[in-house]
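In what follows, a single structure is set out as structure tokens and then discussed.
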Amino acid sequence: MVWMATQKLAIRGKRRRIWGGAFLCWVFLMLVTPKISHSPKHHLYADMRNFLGVPNTLNVITNFPFLVVGVLGFVLCCQGGLFNISLPGEVWGWALFYAGIAGLAFGSAYYHLKPDDSRVTWDTLPMMIAYSSLFSSFIVERVGERIGLSSLFALLFIAFLSTAYDRTYNDIRLYMMFQLIPCIAIPGMCFVFPPKYTHSRYWLWAGE
């Protein structure tokens, strides 16, 4: 019993050091990197043609597949059987991922109807919710349900914080770092933590 308690304390201490190190790295990057504002050219697209009175028609209607995939994935995820997921943490993570994909369809369509700095928030926020959910689902599968759910809430908080910071200070550094985290962490953790399912190679694709 004493040995198990010691092991748990050691694991908790290790996690705190990891989170503390990550926070210090974030502070360091924010201090040494210059502010990155939205470029005025960000809202200029190669194809801005209008059809049937819909501005930027092709950029708007191409969001429809996101809606289809998001809704179908959300429904199937909530059922759980088809994807063979049973843990509540997995269901929460994947359901929220597909909800983010469906939300992206509406947010991106709204933004592309009249692209500007105020509307781009509705394009980026659903993506960040989807990133958060995808990464937390990976953590649930590889590390543990409790840690995965805790990570989900923490990542969602960072997603909303990054969006608010961008809108307030016109600075996309937090958003860029937020996108970079899964791209680095998922491939690395694939080699450290053993897989629960047989689709491990797909996580490497997701990290890319």
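In terms of this note's numbering, the sequence shown is residues -13 to 194. Ideal Cβ positions, reconstructed from N, Cα and C, are used throughout, including at glycine. No experiment lies behind these values; they were computed from the predicted model shown.
Checklist entry - Are the Cβ atoms of ALA145 and ILE125 separated by less than 8 angstroms? => result By 1-based counting over the sequence shown, the position of residue 145 is 159. By 1-based counting over the sequence shown, the position of residue 125 is 139. No, they are not a contact pair.
Handout entry: According to DSSP, residues forming a beta bridge with VAL178
Key = Counting from 1 along the sequence shown, the entry for residue 178 is found at position 192. For VAL178, which the question treats as bridged, DSSP gives no partner whatsoever.
Proximity winner among ARG128, PHE83, TYR96, relative to PRO173 (alpha-carbon distances)
Residue numbering aside, residue 173 sits at position 187 when the sequence shown is read from its first letter. Of the listed residues, the one whose Cα sits closest to PRO173 is ARG128.
Next on the checklist: Here's a check: name, in chain order, each residue in its chain whose Cβ is nearer than 6 angstroms to the Cβ of THR34, leaving out the five neighbours to either side.
Outcome noted: Against the sequence shown, residue 34 aligns to sequence position 48. Sequence inspection shows Met at residue 34; the Thr mentioned does not correspond to that position. Correct list, in chain order: ASN42.
### Task
Let me know the alpha helix (DSSP H) ranges lying completely inside the segment 66 to 114, each 4 residues or longer, listed in chain order.
74 to 99
Can you give me the start and stop residues for the alpha helix (DSSP H) that GLY134 sits inside?
If you number the sequence shown from 1, residue 134 lands on position 148. Looking at the DSSP string, the run of the alpha helix (DSSP H) that includes GLY134 is 131 to 155.
- Inter-stretch contact at 8 angstroms, needing at least 3 Cβ pairs: the segment 130 to 147 / the segment 87 to 101: Under the Cβ criterion (8 angstroms, minimum of three pairs), the segment 130 to 147 does not count as touching the segment 87 to 101.
Which residue wins for smallest C-alpha separation from ALA85, given the options SER137, ILE167, THR149, SER119? Here residue 85 refers to the residue found at position 99 of the sequence shown. Ranking the options by Cα distance to ALA85, first place goes to SER119.
Taking 8 angstroms as the threshold (C-beta atoms), are LEU138 and LEU78 in contact? In the sequence shown, the residue the question calls residue 78 occupies position 92. In the sequence shown, the residue the question calls residue 138 occupies position 152. According to the sequence shown, residue 78 is Trp rather than Leu. Contact: yes.
Q: Using the Cα positions of LEU82 and PRO20, report the straight-line distance between them to the nearest angstrom.
A: Mapped onto the sequence shown, residue 82 falls at position 96. Mapped onto the sequence shown, residue 20 falls at position 34. Cα to Cα, the separation comes out at about 33 angstroms.
Could you compute how far the alpha carbon of ARG159 sits from the alpha carbon of HIS24?
Position 173 of the sequence shown, counted from the start, is the residue given in the question as residue 159. Position 38 of the sequence shown, counted from the start, is the residue given in the question as residue 24. Their Cα atoms are separated by approximately 10 angstroms.
Q: Determine the direct distance from the alpha carbon of TRP108 to that of GLU194, and round the result to whole angstroms.
A: Here residue 194 refers to the residue found at position 208 of the sequence shown. Here residue 108 refers to the residue found at position 122 of the sequence shown. Residue placement at GLU194 is flagged as unreliable, the pLDDT there being 49, under the threshold of 50; a coordinate-derived value is accordingly withheld.
Next on the checklist: Please classify PHE177 as buried or exposed, where buried requires at least 16 neighbouring CB atoms within 10 angstroms.
Outcome noted: Position 191 of the sequence shown, counted from the first residue, corresponds to residue 177. Its Cβ having fewer than 16 others within 10 Å, PHE177 is exposed.
Span separating the alpha-carbon of VAL54 from that of ALA88:
For the purposes of this step, residue 54 is taken as residue 68 along the sequence shown, with counting starting at 1. For the purposes of this step, residue 88 is taken as residue 102 along the sequence shown, with counting starting at 1. Rounded to whole angstroms, VAL54 to ALA88 spans 7 angstroms at the Cα level.
field: Where the alpha helix (DSSP H) containing THR43 begins and where it ends
entry: Residue 43 sits at position 57 when you count from the first residue of the sequence shown. Taken as a continuous stretch (DSSP letters only), the alpha helix (DSSP H) holding THR43 covers 43 to 47.
- Task: Could you tell me which of CYS11, GLY56, ASP103 sits nearest to LEU30, measuring between CA atoms?
- Result: Residue numbering aside, residue 30 sits at position 44 when the sequence shown is read from its first letter. When each option's Cα is compared against that of LEU30, the closest is ASP103.
Applying the 10 Å Cβ sphere with the 16-neighbour rule, what's the burial state of ASN36? Taking the sequence shown and counting its residues from 1, the one referred to as residue 36 is at position 50. ASN36 is exposed by the Cβ-count criterion.
- Query: How many angstroms separate the CA atom of LEU58 from the CA atom of TYR155?
  - Reply: As a working mapping, residue 58 is identified with position 72 in the sequence shown. As a working mapping, residue 155 is identified with position 169 in the sequence shown. Computed Cα separation, rounded: 37 angstroms.
Note to self: Restricting to Cα atoms, I'd like to know which of GLU76, GLY56, PRO101, TRP12 is closest to HIS28.
What the structure shows: Working through the sequence shown from its first residue, we reach residue 28 at position 42. Minimum Cα distance to HIS28 is reached at PRO101.
* Should VAL106 and TYR97 be called a contact, given that it needs their Cβ atoms to be closer than 8 angstroms? -> Start at 1 with the first residue of the sequence shown, and residue 106 comes out as number 120. Start at 1 with the first residue of the sequence shown, and residue 97 comes out as number 111. Their beta carbons are under 8 angstroms apart, which means VAL106 touches TYR97 by this criterion.
Notebook entry, point to check: In terms of DSSP beta bridges, what is VAL40 paired with?
Noted result: Within the sequence shown, numbered from 1, the residue matching residue 40 stands at position 54. Answer is PHE37.
Where does LEU147 land, buried or exposed, given buried means 16+ other C-beta within 10 angstroms? On the sequence shown, position 161 is the one that residue 147 refers to. When all chains shown are included, LEU147 counts as exposed.
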